[in-house]
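J.:
Residue numbers (the UniProt record's numbering): 1 to 490.
(1) Could you give the distance in angstroms between the alpha-carbon of residue 505 and the alpha-carbon of residue 184?
(2) Between the alpha carbons of residue 290 and residue 446, how many angstroms are there, rounded?
(3) For the beta strand (DSSP E) containing residue 252, list its first residue and its last residue.
(4) Let me know the beta strand (DSSP E) ranges lying completely inside the stretch 146-212, each 3 residues or longer, listed in chain order.
(5) For a quick check, are the C-beta atoms of residue 65 and residue 34 less than 8 Å apart?
(6) Report the residue ranges of all beta strand (DSSP E) runs contained in full by the stretch 346-383; include only those spanning at least 3 residues, in chain order.
(7) Which residue's Cα is closest to the Cα of residue 427: 359, 108, 470?
(8) So, under 8 Å CB-CB, residue 388 and residue 407 are touching, yes? Tell me the CB distance rounded to an integer number of Å.
(9) Which partner residues does residue 311 have in the DSSP bridge list?
(10) Compute the Euclidean distance between the alpha carbons of residue 254 and residue 282, then round it to the nearest angstrom.
(11) Can you give the Cα-Cα distance for residue 221 and residue 11, rounded to whole angstroms?
(12) Check for me: the alpha helix (DSSP H) holding residue 434 runs from which residue to which?
(13) Of all the alpha helix (DSSP H) runs that stay within the bounds of the stretch 7-93, which reach a length of 4 or more residues?
(14) What are the residues that DSSP puts in a beta bridge with residue 400?
(15) Let me know the secondary structure DSSP gives residue 112 once reduced to three states.
(16) Tell me the DSSP secondary structure of residue 514 in three-state form.
(17) Roughly how far, in whole angstroms, is the beta-carbon of residue 217 from the beta-carbon of residue 488, given that I think they are within contact range, below 8 Å?
(18) Have a look at 339, 200, 286 and flag the residue whose alpha-carbon is nearest the alpha-carbon of residue 327.
(19) CA-CA distance, residue 83 and residue 386?
(20) What is the DSSP secondary structure of residue 225, reduced to helix, strand or coil?
(21) Indicate the three-state DSSP secondary structure (helix, strand or coil) for residue 284 in the structure shown.
Rendered as structure tokens:
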């Protein structure tokens with residue numbers, strides 16, 4: 001997993017490392033990595049020599065990084081122009097280096113620009129962009145290069161204007177994000193939360209991490225971690241010569257109803273795609289489930305389902321007394337449970353609080369933002385990681401807060417973010433598929449946070465796979481899980 005660090009931790013690490021180096025060394029390391037990435041981008045657009053680069057330069061070290069990188073590019077034959085947002089307050093040494101290399105200062109952007117380097121505000125910035133910077137950020141889409149294509153925008157460390165520790169991005173009066181939208185972000189030494197979570201992650205583009213020697217100086221716990229494919233491969237349950245359907249795990253699915261049979265079909269489909277050896281269904285959609293999935297063992301009630309190693313409960317269950325009774329039966333079972341959709345609604349009035357408190361087995365809840373608001377009395381807000389962790393601590397449950405960048409929080413304060421999310425999954429029923437897959441992973445023995453991170457990651461890949469042909473349905477996402485999971489089950 002990739003660790004992601006808060007601003008305070010990065011600042012402390014930078015201070016510790018800087019104390020061991022000659023003055024300016026850290027900034028020059030960062031600038032060298034930044035210039036290298038810019039040169040590669042320019043090479044893809046027709047060559048480095050003769051390209052035109054515009055530096056947008058703020059007052060802090062972020063502007064200094066841009067100026068030093070501009071100097072390195074100028075020495076390679078790039079026509080580098082620097083637009084100082086606050087003349088007289090630019091990084092003095094970086095400005096001198098740019099001038100010595102042949103770069104020039106301008107009052108307005110050139111007519112032709114191949115690449116824009118966003119050095120307006122770095123990790124110390126707060127509150128979105130000021131008016132002049134916001135206008136510049138909005139105008140970047142109009143810059144074109146020698147090939148006639150839009151200029152490539154490269155952010156220095158983070159896109160200017162984002163809230164670095166939360167990923168929040170303020171909106172302008174017209175509803176636009178008050179931040180730079182980058183094609184590439186070159187991060188120095190450590191990933192920051194804004195690069196992986198919240199609306200800011202959608203503005204960062206492709207993120208490249210440049211090693212400047214910071215890692216040994218980072219102390220404490222990361223703000224969160226990003227799941228990687230290598231983690232999924234490591235965690236995925238392996239079959240052996242003695243494996244059989246019961247030893248692989250049995251997952252129970254208490255979802256759907258006569259009114260909403262599709263929720264049962266979809267959640268069972270997600271469970272069948274997972275690593276367990278058997279799925280037991282309990283609910284009012286038995287006929288539909290068996291028609292679609294004849295291998296499932298189906299009964300009408302949780303009490304009649306038999307032994308399972310985990311339960312999935314909620315999708316399409318309803319919120320009446322019969323549904324509440326099924327939820328109580330699930331919570332009484334001494335096995336991990338996934339609570340989704342209607343199960344979360346049934347928790348809101350507090351009548352099942354004693355069932356939650358008295359459980360020893362893990363609980364995973366999977367709210368979207370509106371369900372989160374019903375559970376907590378308020379929306380997740382600007383800091384989705386903190387919101388997920390608050391709910392996890394309050395419920396003593398692992399929380400999978402669904403969204404474009406799904407966040408997973410644990411009761412003991414650990415947080416994870418899923419990088420594979422896609423807007424293609426914003427359609428009815430995809431959450432049912434996710435819940436079923438998650439339950440299968442729990443039944444196979446994965447700890448709740450690993451099961452949640454794995455399910456979110458693979459669900460996101462399935463959404464991307466299904467979206468290759470255009471808009472998708474939840475059934476197509478469930479079907480796409482099989483090719484996505486194929487490399488794991490060789």
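Virtual Cβ for every residue (Gly too), placed ideally from N, Cα, C. These numbers come from a predicted model, not from an experiment.
T.: Result, derived from the coordinates:
(1) Outside the displayed span of the chain (1 to 490) sits residue 505, for which this structure offers no information.
(2) The alpha-carbon separation between residue 290 and residue 446 amounts to approximately 27 Å.
(3) Start and end: 250-254.
(4) Listed in chain order, they are 152-156, 184-188, 206-210.
(5) Cβ atoms of residue 65 and residue 34: closer than 8 Å.
(6) With a minimum length of 3 residues, the continuous beta strand (DSSP E) runs that stay inside the stretch 346-383 are 363-365.
(7) Measuring from the Cα of residue 427, the nearest candidate turns out to be 470.
(8) 5 Å between Cβ atoms; contact.
(9) Residue 311 pairs with 252, 337.
(10) Taking the straight line joining both Cα atoms gives about 5 Å.
(11) Their Cα atoms are separated by approximately 14 Å.
(12) In this chain, the alpha helix (DSSP H) harbouring residue 434 covers 430-443.
(13) Restricted to the stretch 7-93, the alpha helix (DSSP H) segments that are unbroken, complete and at least 4 residues in length are 7-18, 25-44, 61-74, listed in chain order.
(14) According to DSSP, residue pairing for residue 400 in a beta bridge involves 408.
(15) In this structure, residue 112 counts as coil in the three-state DSSP scheme.
(16) Residue 514 falls outside the range modelled here, since the chain spans only 1 to 490, and no answer is possible.
(17) Residue 217 to residue 488, Cβ: 36 Å. No contact.
(18) Comparing Cα-Cα distances from residue 327 to each of 339, 200, 286, the minimum goes to 339.
(19) One C-alpha to the other measures close to 37 Å.
(20) Three-state DSSP puts residue 225 in a strand.
(21) The three-state secondary structure of residue 284, taken from DSSP, is coil.
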